[in-house]
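Single-structure report; data block below.
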Amino acid sequence: HPVVILIHGGCWRNSFGLEPLGRVAEFLHQMELAVWSLEYQRLGQGGGWPTTMQDVARGADHLYLLAKIYPLDLAQVIAVGHSSGGHLSLWLGARSHLPSSSELYFPDPLPLKGILSLAGVADLVRGVAWDVCQGVCTELMGGSPEEVPERYQQASPCQMGPVAIPQVHLVGEYDEIVRSKIVQEDVIELQKNATEVSIDLEVIPEIGHFELVDPTSTVWPIVVRAITKLLLTV
65 HPVVILIHGG
75 CWRNSFGLEP
85 LGRVAEFLHQ
95 MELAVWSLEY
105 QRLGQGGGWP
115 TTMQDVARGA
125 DHLYLLAKIY
135 PLDLAQVIAV
145 GHSSGGHLSL
155 WLGARSHLPS
165 SSELYFPDPL
175 PLKGILSLAG
185 VADLVRGVAW
195 DVCQGVCTEL
205 MGGSPEEVPE
215 RYQQASPCQM
225 GPVAIPQVHL
235 VGEYDEIVRS
245 KIVQEDVIEL
255 QKNATEVSID
265 LEVIPEIGHF
275 ELVDPTSTVW
285 PIVVRAITKL
295 LLTV
């Protein structure tokens, strides 16, 4: 089975876990996709630099072991993340560029076929400038971009090197948590670094932040189309 690594949002904080994406996981399961819904230590429960990213990396790489037990197609793995989970999904696709000296480095990272970011932030420096989730990016990194610039470079997909994995970015026109302007600026930067892969963006009219992870919403078919497109990409 193709695999979707599903990563929940919640501003990287301990207020929200993976449970709200349960309906999304069930819908993808009904599409005959294997779903690997990752939990990670969040701010307020041991998360932040470097733990949150390390947890997600270990979780993704655990599929190497699971594929020995279950019928998983590791040539067809995509990451789908919402909000802060969108950031972490994009980071999974960029972590192969990390130097071995980085606290976030793991050898032989699981390769991804594609990434779907649902209202995700790809540049934490921009997240600080736009005050995403009331200053949470500074809390996540343990300091400002001026204080710990190397952390932002290693945790911001926009700053981590050439983009070699197809990406789709979806965001609501009326999103008040991750504004569409932030995602648009991120995508422009990612497109400049893309190496012969598509980086697509769709700003969906008249929706906010949460419709993208509601299988009963009128825009859910757009999410399904994006997942199907990434899995069918040669």
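Position in the sequence shown (from 1) plus 64 gives the number in the working numbering. All residues carry an ideal CB built from backbone N, CA and C; glycine is no exception.
Residue i, DSSP secondary structure in three states
i	result
L265	strand
H273	coil
S357	No answer is possible for residue 357: it lies beyond the span of the chain, which begins at 65 and ends at 298.
H161	helix
S147	coil
Q140	coil
R87	helix
L156	helix
H93	helix
I286	helix
G184	coil
I133	coil
H69	According to the sequence provided, residue 69 is Ile. The question's His does not apply to it. In this structure, I69 counts as strand in the three-state DSSP scheme.
R77	strand
heavy atom of the ligand GTP below 7 Å from residue i C-beta
i	result
S153	In the structure on display, the ligand GTP does not appear, and there are no ligands present to speak of.
C-beta contact flag for residue i and residue j at 8 Å
i	j	result
T259	A228	yes
V251	L234	no
A143	I71	yes
V261	S244	no
V232	L294	yes
I69	L102	yes
E237	P269	yes
A183	S147	yes
I263	Q255	yes
V242	S220	no
G157	L130	no
P230	G178	yes
Alpha-carbon spacing of residue i relative to residue j, whole angstroms
i	j	result
Y216	A139	30 Å
E167	P114	7 Å
T116	R106	6 Å
M205	G191	11 Å
P66	Q248	29 Å
Q223	I133	36 Å
G149	G74	8 Å
S164	T297	30 Å
T280	Y128	33 Å
V287	P209	33 Å
Y104	L154	16 Å
W100	C197	26 Å
R77	G110	10 Å
Contact belief for residue i with residue j at Cβ below 8 Å, rounded distance in angstroms
i	j	result
H151	G225	In fact, because the Cβ distance is near 16 Å, the residues do not count as touching under 8 Å.
I136	A98	Inspection of the sequence shows that residue 136 is occupied by Leu rather than by Ile. Indeed, because the Cβ distance is near 6 Å, the residues count as touching under 8 Å.
From the options, residue whose alpha carbon lies closest to that of residue i
i	options	result
T282	G73, Y169, I271	I271
P171	R122, L182, S79, Q218	R122
E83	D278, G112, I291	D278
V200	E253, L154, G108	G108
G112	G157, G207, H126	G207
E275	Q118, V141, E240	E240
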